[in-house]
Amino acid sequence: MALRPNLRILAALAAAGLALTACGSSNSSSPTAGGSGGSCGNFKIAYMGPLTGSAGALGQNMVGGVKMALDAYNKKNADCQVTLKTYDSQGDPKQAPPLATEIIQDPSIVALIGPGFSGESDATGKTFFAAGLPSISPSATAVDITQQGWTTWHRIIGNDSAQGAADATYLKNTANAKKVFVIDDGSAYGKGLATVVKDGLGSSVTGSDTVQTGQTDFSATVTKVTSSGADSVFYGGYYPEAGLLVKQLRQAGYKGLFMSGDGSEDPKFVSTAGASAANGAVLTAPAGPAPSSFNQTYKQVNGSDSGLYSTQSYDATNIVLAAIDAGKTSHTDMNDFINSYTASGVSGPIAFDKFGDVQQTTIFAYKVKNGQLDTANPSPIS
Amino acid sequence: MMVGGIVLAYALPIIRPPLITTTGSDFGGVMLTCASFSLVAVGLNIVVGYAGLLDLGYVGFYAVGAYPTGVLTSEHWHWPFLLALPCAIAVTMVTGVILGAPTLRVRGDYLAIVTLGFGEIIRIVTLNTGWLGAAQGIADIPPPPSLGPNPIGTDQDGLFQIPHLAWSGLVPSIDNLHKTPFLVFDVLDAIPYYWLLLTVLLIVLFADFLVKESRVGRAWEATREDEDAAELMGVPTFRYKLLAFALGAAIGGLAGSMLAAGQAGYINPLSFLILLSMLFLAAVIIGGAGNRWGAVFGGFLVAYLPERFRGLSDWRLLIFGVTLMVVVYFRPQGLLPPRRTRRAIQAREEIEQLEGEAVDV
Amino acid sequence: MDFSFLFNNFIELTITGLALGAIYGLVALGYTMVYGVLQLINFAHSEVFMFGTFAVAWVMVFIHGTGQVDQSLWTSIGLLGICLVAAMGTSALIALLLERVAYRPLIKKGAPKLIILISAIGASFSLAEFMGLRDKVAAWFGLEDNLSDYVNQARNTYSSPITVDPHGLFTVVNYRVTDVDLFVIGAAVLMMAGLDTFVRRTRLGRGIRSVAQDPESAALMGVNSTAVIRATFLIGGLMAGVAATLYMIRIGTTRQDAGFLLGVKAFTAAVLGGIGNLRGALLGGLVLGVAQNWGSAVFGSQWQDVVAFVLLVVILLVRPTGILGESLGKARA
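Chains as they are written, first to last, in our numbering: chain A, 16 to 397; chain B, -16 to 344; chain C, 2 to 334.
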């Protein structure tokens, strides 16, 4: 008697489950063209990184850049399109390995844009390397990744040592900072960057503190800064915390320089901090200004504004698309193509060294002026 | 029948049946995650289901199993995995006792928040302590020892090779391009790790059966149903609660240790968020708290469903939340409730029938 | 371990800690009331708070537009008043929705507390994810363009366009106390005092206390327990709405998971102060905020959450019923 309603519910769930399998078995990708051209490879590009979860916004910026590049390419090659297959790892290094295994077993995937985070890069690097699948990460900046000997792993964004060294140079020479307070957010990226900056500054470091991503109240840190008499603050971390930190610093009466790295170089930094607190902030990035048309086209394709890592993923995708055009679609061919690729992308000049790091690299200092992040006129740091 | 089911479980990632195989993620890897969740759920079932203790921070034990393994085998020393594994379990048990000793005396709901805090403390400590790898995590954790020659990725590794099955529609064929070597643990294939974990899970289930049928299990049952009455009858409830906590911790540590030595050989603090504690608890409750097979099934579901329906990945957590509420309303005893709960529900329904209205006890 | 820093900046760390803790305390009131009446951990109360913060930001965008501006507390007071009403209303609505959908059906079935907790966890995830998916939901209705200022980039941070600039009022030792500090702390104390009076003097308040003390006797005495439970959730929601407004004044930015960690801390504060005790909830919150700041000063800010949880364990060992003891159901509120 009591069993029947439960059986009914289970049956309904099973039916729903089966109906959902239709959803489950299709890819979250744009439609594939039928193999109309005789020799169309119907290639795919994979993206692996956070799409949901607390880091989802960054991942969506990256996918937006990839889609933008694919959109332009597919318009020119309507009879043989390249499609995107996304793999949401939520930035979790536990979820990444099964995704990596799945990616390497799909013969139509020619390259990976990603992984998004340094942690998942460390977790899957060996797998991709053993399978020979080339990858270009638009955002994983931890220095140790390219020291593992994974010759298929590349990143199109400058790693932390180049950026940190330039930041320290800027503080010493351009800003004439005598007492710098260095703060990081404990993340692999933030702490890595802050450590390089601290090393570069040497004795000018008047104090340091570590906050946590997701933190919103920085009163203790603010007190440390103001009581140390620092004339500059360097923050290694991302824009949500950077914006709140500079806002609370200014509200406590701190009048010195606030500087941060590319993790904060996003328009949301200004809206989080409030225009007056953000003014005067210097945000560095290993990428020159994107053309103003970039954001327009991005918005057309994706429906929202571009953000951190959009230009990098756009450039990375174009490298892969150029390889496909040149017929270099096997793993080794693709890898060789990437290794020897040189061009000027929207995120900066592109050429990879033997470790997979991008060679350039000029670090640019972007300033916040009149309540806007001036993305058009950064000054290069030498 | 049980033997058949167990053989099927081992063979599943090789057979790759059409509706069940996950298309967005490697099926072998997903089965490995499911086995890991099931093992954790069995451990949490001892704490929550048998002893009736509310633990919201079980991910802490998972981490305390993984990190010593990483430290001993890769970060600071280079012990072989099979030596580090018992050490990790021992550390986790000790941690369980240290955590349980002061907090098991307080009210049940306080235990919930304290265990939640404990889980977070562990994560924050691993995130901010350089010696434990900090945010970079610990990499290059060696896998368990392999059997047979080891030229990885070729046709000669392992003692023998098992080809997978490929399906077109409902017709299977042998897929010689994808083979799993027996028994080689490397980065390309998750299936040997899955087999190892499944074996460990079966051993733990058997041990769980032995403990539950013994005096210890009966003491837990008495404590859970009415602690004061149990005390009056001479059951040293505190000691048995502590034992439940320690055993649950040990199993969580075992699962964590196997995670560390898994396919990626890499752990970092992002793998141990509070979210995971909630998933573990959901696995036990949905599966049926107090029934070890319920815990296994619940762990499997909670790990499998999000992977199976990756096409809906944006909506995953929302669907998870709604499913929790729905399942818990329509079937609060879980999908595989233990016998005592089934008897209680049956009894209540019989009384309802006889008395003609709901009896609210 | 830097104790000299703590001593030199004691006043500043303490007062900013109190301001932080005041918000914890107001959210803790919601947890402690529901626990006192139902012996349930209202796990989804953090999302009640989070919805309140979005209500504040949305009202500001609606009235003011997205252009950024700095204003003092006084000039903003009118707008903040409207935001307060919106936040309290939104939070109360979400709280009532929670009660109706996630709790009442299970309570009526007499489900064990663990089951109700799971339902609460499910509700918490559902609400937070809904907020994180609002752009997609708006797209279903074709409203994504009209509402783009409100729903765009749903998983990203969302800031209020108006920054409330604190002004220093007077100096204590070496710290200039600001109007925002006093406003936040004062508002929390006022709300708690009001709630305390309500629970002690009004009929509904007596009903709440009686259900907390003994639900069956209360029913026998003619107290409508369903109405009481609903009122409990409603009041918790109203308090969370106040907390949300104060949070947006102080912090100014929110996101769909902004409630989670704050909720855990607030529940910790409620337990710290004595679960079921209204004054205890606020006291617990204030103590927690100050302890976090002191701990950050001495050990480094990365340990502030660890300090909070260790404090909890220590208090529970030394005084298991919390600082002020449990009391909603007892004679002295």
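Think of the CB as a built atom: it goes at the ideal place given N, C-alpha and C, for glycine as much as any other residue.
The shortest C-alpha to C-alpha distance from C:Val265 to any of C:Phe6, C:Ala23, C:Ala29 is the one to C:Ala29.
For A:Ala267, the CB contacts under 7 Å within the same chain, skipping 5 residues up- and downstream, are Val237, Thr241 in chain order. With the criterion set as a beta carbon lying under 9 Å from some beta carbon of chain B, the members of the stretch 120 to 141 of chain A are Gln120, Pro122, Phe132, Ser133, Gly134, Glu135, Asp137, Ala138, Thr139, Gly140, Lys141, in sequence order. Here B:Trp62 carries a coil assignment [DSSP, helix/strand/coil]. According to DSSP, residue pairing for C:Leu317 in a beta bridge does not occur. When C-alpha distances from B:Phe221 are compared across B:Leu36, B:Gly7, B:Ile3, the shortest belongs to B:Leu36. Taking a beta-carbon distance threshold of 8 Å, C:Ile250 does not count as an interface residue toward chain B. Listed along chain B, no residue sits closer than 8 Å to A:Ser154 by beta-carbon distance, the nearest being about 15 Å off. A direct Cα-Cα distance of roughly 40 Å separates B:Arg326 from A:Lys109.
The beta-carbon separation of A:Ala180 and A:Gly134, rounded to 24 Å, does not stay under the 8 Å limit for a contact.
Not flagged as an interface residue toward chain A: C:Ser211, since no C-beta distance is shorter than 8 Å. Distance from the CA atom of C:Leu148 to the CA atom of C:Ala139, rounded to whole angstroms, is 8 Å.
Sorting A:Gly222, A:Gly71, A:Thr167 by C-alpha distance to the C-alpha of A:Gln105 places A:Gly71 at the top. By the neighbour-count definition (other C-beta atoms within 10 Å, threshold 16), B:Arg(-1) is a buried residue.
Along the stretch 107 to 130 of chain B, the positions whose C-beta sits under 8 Å from a C-beta of chain A are Ile107, Leu110, Asn111, Ala117, Ala118, Gln119, Gly120, Ala122, read in chain order. Boundaries cannot be given for B:Asp38, as no beta strand (DSSP E) includes it and DSSP labels it neither H nor E. Between the alpha carbons of B:Val47 and B:Ile29 lies a gap of roughly 18 Å. DSSP, read as helix, strand or coil, puts A:Ala293 in helix. Under the Cβ criterion of 8 Å, B:Asp211 is not counted among the residues facing chain C. If you look at C:Ile108, you'll find it isn't in any beta strand (DSSP E); it sits in the alpha helix (DSSP H) that goes 105 to 110. A:Lys141 and B:Leu148 have their C-alpha atoms roughly 26 Å apart. Here B:Ser151 is exposed. Its C-beta has fewer than 16 other C-beta atoms within 10 Å. Not flagged as an interface residue toward chain A: B:Ala24, since no C-beta distance is shorter than 8 Å. DSSP, reduced to helix, strand and coil, places C:Gln72 within a strand of the structure shown. Taking the CA atoms as reference points, C:Phe50 sits about 42 Å from A:Ala177. For A:Trp168, the enclosing beta strand (DSSP E) stretches over residues 168 to 170. Counting only runs of at least 3 residues, the stretch 147 to 214 of chain C fully encloses the following beta strand (DSSP E) elements, listed from N- to C-terminal order: 163 to 166, 169 to 173, 176 to 179. Scanning the stretch 116 to 163 of chain A for uninterrupted alpha helix (DSSP H) segments of 4 residues or longer gives 133 to 146, listed from N- to C-terminal end.
In this structure, the beta-carbon distance from C:Ile324 to C:Leu289 does not fall below 8 Å. In this chain, the beta strand (DSSP E) harbouring A:Thr101 covers 98 to 103. Three or more Cβ pairs closer than 8 Å define a contact, and the stretch 270 to 278 of chain B meets that threshold against the stretch 308 to 322 of chain B.
Interface annotation, C:Ala270: not in contact with chain A, CB-CB separation never under 8 Å.
Judged by DSSP in its simplified three-state form, B:Val154 adopts strand. Between A:Asp103 and B:Leu253, the gap from beta carbon to beta carbon reaches 8 Å or more.
DSSP places A:Gly64 inside the beta strand (DSSP E), whose first and last residues are 59 to 64.
The Cβ neighbour count for B:Trp114, taken over all protein chains shown within 10 Å, is under 16; the residue is labelled exposed.
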